[in-house]
Structures are given as structure tokens and as C-alpha cells.
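Residue numbers (the numbering used here): 111 to 226.
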């Protein structure tokens, strides 16, 4: 894999008998709108709200379907990253804040407020 893959829930999905959006996915939409050049460096894929989310499970295994999830490209150095998990040999981040901190380290964007 040569690009990081960002899995997001599309805005306006149906759940709980109403239209909803994922606040963490929206946070990343905001980061990507602030710094649009990052979008070009990512493979962004949208997944449905229903479980299992097969595209994510295909990389990380059964029961691993959190969104947002950023699966890191092969060879990315992870020793200085917080929140990195490894499943099926794939390093990934599963929270908007950890993903935004990764963007700051990789692309030089500002750090999310309140993060360390």
C-alpha cells in the first residue's frame, strides 16, 4: 500500500430512525477542508454505518470496523505516533485526534488544541 487509507462515514446516514452524522468524521472533514493538500495524499473511502464494515475488516480483521480509521501506508514509521494499533500487520489509528496529530507530524499542519 503506497497511500494511507482514511475510512470515514459519509455525512447524513440513517440510524436510530433519523438522519445522523459522525462527530469524529466531521472533525476530520474539517481538518481536510483546512488543509486540502492532505486529501491528495490519501485514499479516502466512505463506509456505511452498518456493521460489519467490510472494507475496514478486509484490512484489519473481524470486529475491527471503527470509523474514522486511518490505515497507514506500508513502511510508515510509527515509533513516535500515539494511538497506533496493529492488526493483521497493518498499523492504524482509530480516533480523529490521533489522526490529526499524525497529519501534523507528517504534513506540518498545526496540532489539535489540547493534544500532547
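By construction, the Cβ of each residue, glycine as well, lies at the ideal position given by its N, Cα and C atoms. Note that the structure is a prediction, hence the values are computed from the model and not measured.
* **Nonlocal neighbours in the same chain, by C-beta distance under 7 angstroms from residue 181, ignoring five residues either side** => By one-based count along the chain shown, residue 181 stands at place 71. Within the same chain, residue 181 has close Cβ partners 114, 115, 169, 200 and 202.
* Span separating the alpha-carbon of residue 223 from that of residue 198 -> Within the chain shown, residue 223 is the residue found at index 113, counting from 1. Within the chain shown, residue 198 is the residue found at index 88, counting from 1. Approximately 32 angstroms, taken between the alpha carbons.
* Please specify which runs of the alpha helix (DSSP H), each continuous and at least 4 residues long, are wholly inside the region 146 to 209, giving them in chain order. => 147 to 151 and 164 to 170
* Asked: Could you give the residue range of the beta strand (DSSP E) that holds residue 127?
  -> Reading the chain shown from its first residue, position 17 is the one you call residue 127. Premise fails: residue 127 is in no beta strand (DSSP E) and is neither H nor E.
* Asked: Can you tell which of 112, 153, 138 and 158 has the C-alpha that lies nearest to the C-alpha of residue 208?
  -> Your numbering for residue 208 matches position 98 in the chain shown. Ranking the options by Cα distance to residue 208, first place goes to 138.
* To do: Say whether the region 187 to 198 touches the region 153 to 164, bearing in mind that this needs 3 or more beta-carbon pairs closer than 8 angstroms, one atom from each stretch.
  => no
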